[in-house]
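Protein chains in written order, with the working numbering: chain Z, 3 to 226; chain F, 3 to 226. Even glycine gets a Cβ: it sits at the ideal position worked out from N, Cα and C. Working notes for the structure below.
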DNA sequence: CGCGGGGTTGAGCGCCATCAATTGGAGTGG
DNA sequence: CCACTCCAATTGATGGCGCTCAACCCCGCG
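Next comes the structure, spelled out in C-alpha cells:
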C-alpha cells in the first residue's frame with residue numbers, strides 16, 4: 003500500500019479473478035514478526051495478501067530503514083528484480099498469503115488470465131509508487147501523516163456510527179520509516195490532529211476520523 | 003533513471019533485443035522542451051529512449067513538482083495506469099524515441115520476446131523505484147546530490163584523461179525536483195563538492211569527477 | 001548595451017531531528 | 001488484584017539542516 007488518494011485498489015480484482023483457477027498454491031501463514039522473505043532470496047513465488055498485514059523494508063548499512071510499502075489484503079507483494087527479492091517482507095500481524103508460481107507469471111506459459119492480472123498488478127504498483135514519490139519528496143510532515151491516515155481510512159476504515167475507524171497494525175516507528183520521518187514527529191503530529199479534533203484515539207492503534215474533510219485539506223494543502 | 007548504485011542498466015538489452023524485430027514503429031523525435039505525452043493521455047504506445055533525454059514529472063495543485071525519473075538512452079518510459087499516462091513526459095534535449103504498441107505488450111498477443119522484455123523492464127522499474135524511495139526518505143542533501151552525480155557518472159560519464167566527465171542535460175531546478183530539494187541547496191552542495199575538489203565544473207552543466215571514491219563515500223555514509 | 005533567465009551566494013529562520021525524560025499499556029508473576 | 005517489568009508512545013527542550021527571501025553574477029541574445 004502506498005499513500006495515494008486516488009487508489010481504487012484494484013488488486014482485490016486479481017484475487018477474485020484467480021481464486022477460482024487451479025494456478026494458485028496452498029495459502030501460507032506467517033506469525034506476527036516473522037519474515038515471509040528476505041532481500042536477496044531467490045524468487046520462485048510471489049504472494050497476494052489474503053488477511054493480516056506485512057511490511058516491505060529496505061535497510062542502509064548504518065541502520066537507517068525505509069519501509070517501501072505495507073501489504074494489506076488484496077495487495078500483491080514480492081515483485082522480483084533479477085530473480086531475487088529486493089526487500090525484506092515481515093508480518094505485522096498473523097498473516098495469510100496466497101502464493102503463485104512466479105515462473106508461469108513471468109513468461110506467460112501459465113494461465114493467460116493470471117498472467118494478465120500479474121502484469122496489471124505490476125503496472126498499478128508502478129503508478130502507486132510514482133504517487134508516493136511526490137509525498138516523500140515534496141510534502142511536509144503534517145501533510146504526510148494526514149495523507150497516510152486518510153488513505154488508511156479509505157482502505158481499511160470501518161464505519162462506526164457516523165465515523166470511520168481504523169485499526170493501525172503497525173507501530174509509530176513503522177509509520178515514520180514509511181513516511182521518511184521520525185517516531186517523535188509522527189507522534190507529535192497525530193497528537194496535534196487529536197487536539198484539533200480531526201481524529202480521536204482509543205489507545206495508540208485505534209483511530210477514529212472525526213472530520214474527513216479537514217483531514218483531506220491538511221493532506222493536500224497545508225505546508226506547515 | 004533513478005539513483006541506484008547497483009544499476010546494471012539492462013534496459014539497453016531490451017533495445018538491442020527488439021530492434022531486429024518488426025514489432026516496433028518508426029522512431030519519433032521531440033524538440034527540447036516539447037511534451038512527448040501528458041498525464042491523463044490515453045496510452046497506446048510506450049517508448050524506449052534512443053538518444054537525448056526526457057523527464058517524467060508529476061505536479062501538485064499548488065505548483066510543487068516532483069520529477070519521477072529521467073529517461074536516458076535505453077530507458078523505457080510511459081508505463082500506463084488504467085490505460086492512461088500517469089506523468090508528464092518532456093524532452094530535456096532533442097530526443098529520439100522508439101515507440102511500441104502497448105496493446106500487444108500488455109496482453110501478450112504480440113511478439114513473445116518483446117512481451118517478456120516489457121515485463122522485465124517493468125520489474126526493473128519497480129526495483130529501481132524501491133531504491134529511490136530510500137534516497138528520498140532517508141538521505142541527507144549531500145548524500146542525495148552525491149548519489150545523483152555518482153549515478154550520472156556511471157550511466158552517462160565519458161572518460162576524459164584519467165577522469166569521468168558528465169554532461170548534465172537538466173537544470174538545477176530539475177535536479178532539485180528529482181531529489182526533493184531546492185535549487186539553492188543543490189547549487190550550494192555542488193559548490194561544496196567543487197571546493198573540496200571532489201569534482202570540477204566547466205560551466206554549469208559539465209562535471210568532471212576528480213575523486214570518485216570520495217564521491218561514493220559522501221553518497222553513502224555522510225549525514226551532514 | 002540592455003535585458004532576461006538560470007545559477008550562485010548570503011542571511012535568517014522554521015521545520016523537523018535529536019536527545020532526554022515521562023507516561024501509558026500490555027504482559028507476567030506473585 | 002496488584003506490583004513489577006518492559007517497551008512503545010508521548011511530551012519537552014534544544015539545535016541544525018535545508019528552506020525562504022533576496023541580492024548578485026554570468027552569459028546568451030536581441
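At a beta-carbon threshold of 7 Å, the residues of chain Z lying near residue 108(F) are 121, ordered along the chain. Within the model, the alpha-carbon separation for residue 208(Z) versus residue 169(Z) is close to 5 Å.
The C-alpha of residue 187(F) lies about 7 Å from the C-alpha of residue 143(F). In the DSSP assignment, residue 223(Z) falls outside any alpha helix (DSSP H), carrying neither H nor E.
Residues of the stretch 66–87 of chain F with a Cβ closer than 7 Å to any Cβ of chain Z, in chain order: 66, 68, 70, 81, 82 and 83. When the Cα atoms are used, residue 221(Z) and residue 27(F) turn out to be separated by approximately 43 Å.
In the three-state reduction of the DSSP assignment, residue 74(F) falls in the coil class, being assigned neither a helical nor a strand state. One thing to note: residue 68(F) has its Cβ within 9 Å of the Cβ of residue 182(F). For the 9 Å CB-CB criterion, residue 49(F) and residue 114(F) do not form a contact. Using a Cβ-Cβ cut-off of 9 Å, residue 179(Z) counts as an interface residue toward chain F, since at least one Cβ of chain F sits closer than that to its own. Residues of the stretch 142–166 of chain F that bring their beta carbon within less than 8 Å of a beta carbon in chain Z are absent altogether. CA-CA distance, residue 108(Z) to residue 47(Z), rounds to 10 Å. Annotated three-state conformation of residue 174(F) is helix, per DSSP. Segment contact: the stretch 77–86 of chain Z against the stretch 35–45 of chain Z, three or more CB-CB distances shorter than 8 Å; contact assigned.
Between the alpha carbons of residue 179(Z) and residue 88(Z) lies a distance of about 17 Å. Here residue 128(Z) is near residue 131(F), since their CB atoms are less than 9 Å apart. Nearest to residue 61(Z) by C-alpha distance, out of 55(Z), 90(Z), 77(Z) and 38(Z), is 90(Z).
For residue 103(F), the uninterrupted beta strand (DSSP E) run begins and ends at 97–103, by DSSP. Residue 64(F) counts as exposed, since fewer than 16 other beta carbons sit within 10 angstroms of its beta carbon. The straight-line gap separating the alpha-carbon atoms of residue 165(Z) and residue 3(Z) is approximately 22 Å.
If only uninterrupted alpha helix (DSSP H) runs of at least 4 residues are considered, none is enclosed by the stretch 26–65 of chain F. For residue 199(F), the secondary structure class from DSSP, reduced to helix, strand or coil, is coil. Among the residues of the stretch 87–101 of chain F, those with a Cβ less than 7 Å away from any Cβ of chain Z are 88 and 89, in the order of the chain. Between residue 97(Z) and residue 51(Z), the CB-CB gap stays under 9 Å. Residue pairing by DSSP places residue 166(F) opposite 161(F) and 211(F) in a beta bridge.
Taking the Cβ atoms as the reference, residue 135(Z) lies roughly 6 Å from residue 70(F), within the contact range of under 8 Å.
Ranking 106(F), 163(F) and 116(F) by CA distance to the CA of residue 212(F) puts 163(F) first.
Shown here, residue 142(F) sits in coil according to DSSP, grouped into three states, outside any helix or strand.
Listed along chain F are 138, 139 and 140, each with a C-beta nearer than 8 Å to that of residue 182(Z).
In the three-state reduction of the DSSP assignment, residue 206(F) falls in the coil class. Spatial neighbours of residue 36(F) in its own chain (CB-CB distance under 6 Å, excluding positions within 5 residues in sequence) are listed in chain order as 93. Nearest CB-CB separation between residue 127(Z) and chain F: below the 9 Å threshold. Chain-ordered, the chain Z residues with CB closer than 9 Å to the CB of residue 62(F) read 136, 140, 141 and 222.
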